[in-house]
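>
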Amino acid sequence: MDIGDALKTRRSVRRYQQKPVPREILCEVVDMCRFAPSAANRQEWEIVLVDDPQNIRKVYETLAWLPAVGPPPADSRPTAYAVIISDEKSDGVSDCASVTTYMLLAAHSRGLGSCWFGSISRTELANLLGIPDKYSVEFVVALGYPDEKVKAVNNDGDREVTVKEEYTQVPKRTSKDILHLNFFGKRG
Ligand SMILES: Cc1cc2nc3c(=O)[nH]c(=O)nc-3n(C[C@H](O)[C@H](O)[C@H](O)COP(=O)(O)O)c2cc1C
386 MDIGDALKTR RSVRRYQQKP VPREILCEVV DMCRFAPSAA NRQEWEIVLV DDPQNIRKVY
446 ETLAWLPAVG PPPADSRPTA YAVIISDEKS DGVSDCASVT TYMLLAAHSR GLGSCWFGSI
506 SRTELANLLG IPDKYSVEFV VALGYPDEKV KAVNNDGDRE VTVKEEYTQV PKRTSKDILH
566 LNFFGKRG
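Per the numbering used here, the very first residue in the sequence shown carries number 386; after that it's consecutive.
Structure below.
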């Protein structure tokens with residue numbers, strides 16, 4: 386898949402087929418994340434991959450789902466999660482955001498759906514997975530084979546609208562709205 390197409394077609398997926406993703410594909414996705422940029426190349430993130438049925442049920446309970454879409458029913462939940470943790474020396478959120486972005490795109494390149502979670506019951510999740518105190522849980526990425534089709538459309542100006550048409554469309558701001566050429570406010 387061309388990288389430009391991948392950037393435009395990746396969408397957050399919140400409904401998944403219940404077919405498990407082979408461990409080697411999950412590990413390949415994690416492996417691609419090693420190449421993400423980090424401040425001063427410190428690479429102080431680590432990833433806890435969760436794919437056993439008992440733990441995936443429990444991880445699900447620690448996540449808050451975008452209200453406009455809502456949580457998936459039991460038969461369409463993610464079949465794996467990657468928990469992105471940083472250690473105490475790390476540049477924290479920005480490095481972990483970088484590696485998380487890589488993970489979404491790495492997953493997309495292998496036909497997987499994904500969704501980034503920042504709203505997490507962090508203490509509960511750290512206890513569940515035995516993550517030592519010196520680490521912080523930064524983000525969770527839900528993973529699995531997608532069971533919904535969502536596409537980006539141009540935002541029609543109402544930035545309060547995060548999803549449209551019962552979550553088949555995600556409005557994105559246009560270049561006209563976000564780009565300043567050489568001087569703030571100059572658009573052309
Ligand atoms: C920092 C960050 C935190 C997010 N946290 C959540 C979350 O807690 N729950 C959720 O359902 N989606 C979460 N998302 C996913 C966004 O809702 C999603 O990216 C947005 O609606 C745009 O859709 P798209 O990813 O398809 O472009 C998060 C995304 C980012 C970048």
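C-beta: ideal position from N, C-alpha, C; glycine also. This one's a predicted model, so the numbers in the text were calculated from it and none came from an experiment.
W430 bridges to which residues according to DSSP?
One-based indexing of the sequence shown puts residue 430 at position 45. According to DSSP, which records beta bridges pairwise, W430 is partnered with S471.
> Could you name the residues of the same chain whose beta carbon sits closer than 6 Å to that of P456, not counting the 5 residues immediately before and after it, in chain order?
As a first step, residue 456 is located in the sequence shown; it is residue number 71 there, counting from the start. Hits under 6 Å: W450.
> Apart from the five residues just before and just after R507, which ones in its own chain have a Cβ nearer than 6 Å to its Cβ?
Taking the sequence shown and counting its residues from 1, the one referred to as residue 507 is at position 122. V522.
> Quick one: residues in its chain with C-beta nearer than 8 Å to the C-beta of V454, no 5 flanking neighbours on either side, listed in chain order?
Along the sequence shown, one-based indexing puts residue 454 at 69. Result list for V454: R399, V548 and Y552, in chain order.
> What is the rounded straight-line gap between the Cα of D518 and the Cα of C481?
Here residue 518 is taken as the residue at index 133 of the sequence shown, counted from 1. Here residue 481 is taken as the residue at index 96 of the sequence shown, counted from 1. C-alpha separation (whole angstroms): 17 Å.
> Please tell me whether S471 has its Cβ less than 8 Å away from any Cβ of chain D.
No chain D appears in this structure, which consists of one protein chain only.
> Just to confirm before moving on: does the CB-CB distance between Y401 and G496 stay below 8 Å?
Along the sequence shown, read from residue 1 onward, the residue named residue 401 stands at position 16. Along the sequence shown, read from residue 1 onward, the residue named residue 496 stands at position 111. Cβ atoms of Y401 and G496: not closer than 8 Å.
> Give a single yes or no on whether G389 has its beta carbon closer than 7 Å to a heavy atom of ligand 1.
What you label residue 389 is simply residue 4 of the sequence shown in a count that begins at 1. Not so, every heavy atom of ligand 1 lies at least 7 Å from the Cβ.
> Are there 16 or more other CB atoms within 10 angstroms of the CB of V444, so buried, or fewer, so exposed?
On the sequence shown, position 59 is the one that residue 444 refers to. Under this definition V444 is a buried residue.
> Given 7 Å as the limit, tell me if S479 has its C-beta closer than that to any heavy atom belonging to ligand 1.
Looking up residue 479 in the sequence shown gives position 94. Outside the cutoff, so no.
> Distance check for R419 and G477, CA to CA, integer angstroms please.
The count along the sequence shown starts at 1 and reaches residue 477 at position 92. The count along the sequence shown starts at 1 and reaches residue 419 at position 34. Taking the straight line from one Cα to the other gives about 16 Å.
> Any idea if D436 is buried or exposed, counting beta-carbon neighbours within 10 angstroms, 16 or more meaning buried?
Along the sequence shown, read from residue 1 onward, the residue named residue 436 stands at position 51. Counting Cβ neighbours within 10 Å, D436 comes out buried, since at least 16 surround it.
> Around the Cβ of S471, are there at least 16 other Cβ atoms within 10 angstroms (buried) or fewer (exposed)?
Within the sequence shown, numbered from 1, the residue matching residue 471 stands at position 86. By the neighbour-count rule (16 or more Cβ atoms within 10 Å), S471 is buried.
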